């Protein structure tokens, strides 16, 4: 009977080790990714001209637009997929509730004009 209890004890130790390893891996992943998530610039911290300049300097950039919301903004159609078109993008900034800062890419829908092609 003694070996049976020993096997149960060993299984318990292995379970603890597995849980410990999982917790360590998750802490490492979160520790690495958390600063990257925190570094997303927010349009609410910029003036309208500043936000427009940030988008203009980069081909495409992901900006926070308030709280936990964000979107990808581009300066022109060259940053979109071949099948996508651009639509004007407005975002709230520190000084303006609806500031034109660039464009968003999206797949064309019914009734879209294709003057830009």
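Numbering (the numbering used here), first residue to last: 8 to 124.
Ideal placement from N, C-alpha and C gives every residue a C-beta, glycine not left out.
Because the structure is a prediction, the values reported are computed rather than measured.
The bridge partners DSSP lists for residue 92 are 113. Residue 68 has 80 as its beta-bridge partners, per DSSP.
Each of 79, 89 and 88 was checked against the Cα of residue 108, and the nearest Cα belongs to 79.
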